[in-house]
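Participant: First the structure, which I've put down as structure tokens, then a few questions once you've had a look.
Chains as they are written, first to last, in my numbering: chain G, -12 to 226; chain W, 678 to 901.
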């Protein structure tokens, strides 16, 4: 038989039938090429190759790429390779491959993380502010109205409505929340009395752990704090 | 019964995987991705792989100059995608995909250049006339009837191929449907050229009977 002889397909296969719609995973083709499949799997691949121009081409290209140089097959000379690198290097340099691009990627990554963090915090903050709030009205512990006040149990989130016995009003108030050991846990500045002579402040979920607290309400006049009243409340464990 | 799987030594058969070049390239990529001496490490990858890339293009019929250009394009694309390379597959596979892509782009752009190239009158060129009428011969394209006949023949051939044993069928399919050379079939099938020829010889006889045509004696002919 002669390699040059004409054959059934004709000289240039202009009218090859369409390839099958399904192809083996390219990794399987590489594994086939590398001799990593079983005999049965090899035969499956070969059957597919018989009718699939796409996979045949791919496999031929893989073989063409991986085959060692044939005797006498020319390659790039040392000089050509060095010259090629020189040109490529200039191109890569212009593209920023050696210097900036990595930093650019890092900067992009940092910026992305920052953006996500800001976005997350904004969403968190918005979510918190949208939480429905209960209201709990507290009388000062030293109130003389009908005996000592009870320690009110409040569930967060909550509006604390602080009733005041003071005869004078202050242009500004500050609340300081402390635990029973006297440690200040939270300070809430810039509070104001409303028309009903109440001072209202918000406590959000997670602002305070469960426990009993004391709240000192301080009135500020000319920047100087004066004690207005002490309030007590308890946050139950379920909170 | 099928002929034995290894009907002889595969000529230039399957390469071990992954190749030493691949292993080295991957470790160099890791260093580049870590920002370590990008230039030196990329140069090493280029030194390791550029010959293979260049030879690939030469084997695909590209000229020496074109193959050098295409090799540059491949490594430029590699540089662009290196940060995203995740080491889930062989570097070689990625490199081959890039090389194939670069080549198909080149072939496509060559076709476009040819299509868009101005056509000049043969007479005008001979006379040194830079304008005037052009000699344009319309490409008639394939005749629809010929196409239909050809398609019918191929469908008949594919049907006939189904009756052959697997390896013989594949050899005949690759030869008669895909137009591959013996050597290419041998490499694909991991068989010796002699085994491929034997399959084709037998297959051709059987196909001739099946298709109701007469095979030319001793020839691997289209007419059978």
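All C-beta atoms in this analysis are idealised placements derived from N, C-alpha and C, irrespective of residue type, glycine included. As the structure is a computational prediction, the values presented were derived from the model and not from experiment.
For the region 11 to 30 of chain G, which residues have a beta carbon sitting closer than 9 Å to at least one beta carbon of chain W?
Facilitator: Flagged, chain order: 13, 14, 17, 18, 19, 20, 21, 22, 23, 26, 29 and 30.
Participant: What does the alpha-carbon distance come out to for the pair residue 858/W and residue 84/G?
Facilitator: Position 181 of the second chain holds residue 858/W. Position 97 of the first chain holds residue 84/G. C-alpha separation (whole angstroms): 42 Å.
Participant: To the nearest angstrom, how far is it from the Cα of residue 75/G to the Cα of residue 728/W?
Facilitator: Residue 75/G sits at position 88 when you count from the first residue of the first chain. Residue 728/W sits at position 51 when you count from the first residue of the second chain. Going by the C-alpha atoms only, they are around 15 Å apart.
Participant: Below 9 Å between beta carbons is the criterion; list the residues of the region 827 to 851 of chain W that meet it against any residue of chain G, in chain order.
Facilitator: If the cut-off is 9 Å between Cβ atoms, the region 827 to 851 of chain W has 827, 828, 830, 831, 832, 834, 835, 838, 843, 844, 846, 847, 848, 849, 850 and 851 near chain G.
Participant: Measure the C-alpha to C-alpha separation of residue 778/W and residue 57/G and round it to an integer number of angstroms.
Facilitator: Counting from 1 along the second chain, the entry for residue 778/W is found at position 101. Counting from 1 along the first chain, the entry for residue 57/G is found at position 70. About 25 Å.
Participant: Are the CB atoms of residue 130/G and residue 215/G nearer to each other than 8 Å?
Facilitator: To locate residue 130/G, count along the first chain from 1; it is residue 143. To locate residue 215/G, count along the first chain from 1; it is residue 228. No, they are not a contact pair.
Participant: If you draw a straight line from the C-alpha of residue 178/G to the C-alpha of residue 714/W, how long is it?
Facilitator: Stepping through the first chain from its first residue, residue 178/G is reached at position 191. Stepping through the second chain from its first residue, residue 714/W is reached at position 37. So the two alpha carbons sit approximately 59 Å from each other.
Participant: Does the region 185 to 195 of chain G come close enough to the region 136 to 149 of chain G that 3 or more CB-CB pairs lie under 8 Å?
Facilitator: Judged by Cβ distances under 8 Å, the region 136 to 149 of chain G makes contact with the region 185 to 195 of chain G, as three or more pairs qualify.
Participant: Report the partner residues of residue 121/G according to the DSSP bridge assignment.
Facilitator: Here residue 121/G is taken as the residue at index 134 of the first chain, counted from 1. In DSSP, residue 121/G forms a bridge with 145/G.
Participant: Residue 839/W to residue 23/G, Cα distance in whole Å?
Facilitator: Here residue 839/W refers to the residue found at position 162 of the second chain. Here residue 23/G refers to the residue found at position 36 of the first chain. Going from the Cα of residue 839/W to the Cα of residue 23/G covers about 27 Å.
Participant: Given that a residue counts as buried once 16 or more other Cβ atoms are within 10 Å of its Cβ, and exposed if not, what is residue 876/W?
Facilitator: For this step, residue 876/W is matched to residue 199 along the second chain. Buried, because 16 or more other Cβ atoms sit within 10 Å of the Cβ of residue 876/W.
Participant: Using C-beta distances below 7 Å, list every residue in its chain close to residue 853/W, excluding the 5 sequence neighbours before and after it, in chain order.
Facilitator: To locate residue 853/W, count along the second chain from 1; it is residue 176. Taken in chain order, the residues that qualify are 834.
Participant: How is residue 717/W classed by DSSP in three states: helix, strand or coil?
Facilitator: Along the second chain, one-based indexing puts residue 717/W at 40. If DSSP states are grouped into helix, strand and coil, residue 717/W belongs with the helices.
Participant: Buried or exposed: which applies to residue 730/W, given that a residue is buried once 16 or more other Cβ atoms fall within 10 Å of its Cβ?
Facilitator: Within the second chain, the letter at position 53 stands for residue 730/W. With 16 or more other Cβ atoms within 10 Å, it is buried.
Participant: Check each candidate in 64/G, 194/G and 124/G and name the one with the smallest Cα separation from residue 742/W.
Facilitator: The residue given as residue 742/W occupies position 65 in the second chain. Nearest of 64/G, 194/G and 124/G to residue 742/W, Cα basis: 64/G.
Participant: Would you grab the beta carbon distance between residue 50/G and residue 864/W for me? Rounded to a whole angstrom, and I think it's under 8 Å.
Facilitator: To locate residue 50/G, count along the first chain from 1; it is residue 63. To locate residue 864/W, count along the second chain from 1; it is residue 187. Sure, about 5 Å apart at Cβ, within 8 Å.
Participant: Taking DSSP as the reference, what is the three-state secondary structure of residue 180/G?
Facilitator: By one-based count along the first chain, residue 180/G stands at place 193. Strand.
Participant: According to DSSP, which residues form a beta bridge with residue 150/G?
Facilitator: Within the first chain, the letter at position 163 stands for residue 150/G. Partner(s): 185/G.
Participant: Would you kindly work out how many angstroms separate the C-alpha atoms of residue 223/G and residue 106/G, rounded to a whole number?
Facilitator: Position 236 of the first chain, counted from the first residue, corresponds to residue 223/G. Position 119 of the first chain, counted from the first residue, corresponds to residue 106/G. Cα to Cα, the separation comes out at about 32 Å.
Participant: Examine the Cβ distances between the region 39 to 48 of chain G and the region 9 to 27 of chain G and report whether three or more of them are shorter than 8 Å.
Facilitator: Output reads yes: the region 9 to 27 of chain G touches the region 39 to 48 of chain G.
Participant: For residue 173/G and residue 194/G, which I take to be in contact (beta-carbon distance under 8 Å), what is that distance rounded to the nearest angstrom?
Facilitator: Numbered from its first residue, the first chain carries residue 173/G at position 186. Numbered from its first residue, the first chain carries residue 194/G at position 207. With a Cβ gap of about 7 Å, residue 173/G and residue 194/G count as contacting.
Participant: Classify residue 61/G as helix, strand or coil using the three-state DSSP reduction.
Facilitator: Residue mapping note: residue 61/G aligns to position 74 of the first chain, counting from 1. Correct three-state label for residue 61/G: coil.
Participant: Taking the straight line between their C-alpha atoms, what separation do you get for residue 829/W and residue 785/W?
Facilitator: Within the second chain, residue 829/W is the residue found at index 152, counting from 1. Within the second chain, residue 785/W is the residue found at index 108, counting from 1. Approximately 30 Å, taken between the alpha carbons.
Participant: For the beta strand (DSSP E) that contains residue 205/G, what are its first and last residues?
Facilitator: Indexing the first chain from 1 puts residue 205/G at position 218. Note, residue 205/G: beta strand (DSSP E), 198 to 208.
Participant: Mind checking which residues open and close the beta strand (DSSP E) that includes residue 85/G?
Facilitator: Here residue 85/G corresponds to residue number 98 of the first chain, with the count starting at 1. It is not in any beta strand (DSSP E) - residue 85/G carries neither H nor E in the DSSP assignment.
Participant: Taking the Cβ atom as the reference point for each residue, do residue 886/W and residue 848/W lie within a distance shorter than 8 Å?
Facilitator: The residue given as residue 886/W occupies position 209 in the second chain. The residue given as residue 848/W occupies position 171 in the second chain. In this structure, residue 848/W does not lie closer than 8 Å to residue 886/W by Cβ.
Participant: Using the C-alpha atoms, what's the distance from residue 96/G back to residue 48/G?
Facilitator: As a working mapping, residue 48/G is identified with position 61 in the first chain. As a working mapping, residue 96/G is identified with position 109 in the first chain. Using only the alpha carbons, I get a separation of about 37 Å.
Participant: Would you kindly work out how many angstroms separate the C-alpha atoms of residue 30/G and residue 772/W, rounded to a whole number?
Facilitator: Stepping through the first chain from its first residue, residue 30/G is reached at position 43. Stepping through the second chain from its first residue, residue 772/W is reached at position 95. Distance between the alpha carbons of residue 30/G and residue 772/W is about 27 Å.
Participant: In chain G, what lies closer than 8 Å to residue 733/W by C-beta?
Facilitator: As a working note, residue 733/W is residue 56 in the second chain. 48, 51 and 52, listed in chain order.
Participant: Along chain G, which residues have their Cβ under 9 Å away from the Cβ of residue 770/W?
Facilitator: As a working mapping, residue 770/W is identified with position 93 in the second chain. 13, 14, 17 and 49, listed in chain order.
Participant: For the putative contact between residue 696/W and residue 769/W, defined by C-beta atoms under 8 Å, what is the C-beta separation to the nearest angstrom?
Facilitator: Numbered from its first residue, the second chain carries residue 696/W at position 19. Numbered from its first residue, the second chain carries residue 769/W at position 92. Rounded, the Cβ-Cβ distance is 6 Å, consistent with contact.
Participant: In chain order, what residues of the same chain lie with their CB nearer than 6 Å to the CB of residue 880/W, ignoring the 5 residues before and after it?
Facilitator: For this step, residue 880/W is matched to residue 203 along the second chain. Correct list, in chain order: 841, 845 and 849.
Participant: In chain C, which residues lie with their C-beta within 9 Å of the C-beta of residue 737/W?
Facilitator: This model lacks chain C altogether; the protein chains it does include are G and W.
Participant: From the DSSP output, read off the bridge partner residues of residue 171/G.
Facilitator: The count along the first chain starts at 1 and reaches residue 171/G at position 184. Residue 171/G is bridged to 165/G.
Participant: Tell me whether residue 6/G sits in a helix, a strand or coil according to DSSP, three-state version.
Facilitator: Taking the first chain and counting its residues from 1, one reaches residue 6/G at position 19. The answer is coil: DSSP assigns residue 6/G none of H, G, I, E or B.
Participant: Quick check on residue 55/G: does DSSP put it in helix, strand or coil?
Facilitator: As a working mapping, residue 55/G is identified with position 68 in the first chain. Coil, per DSSP.
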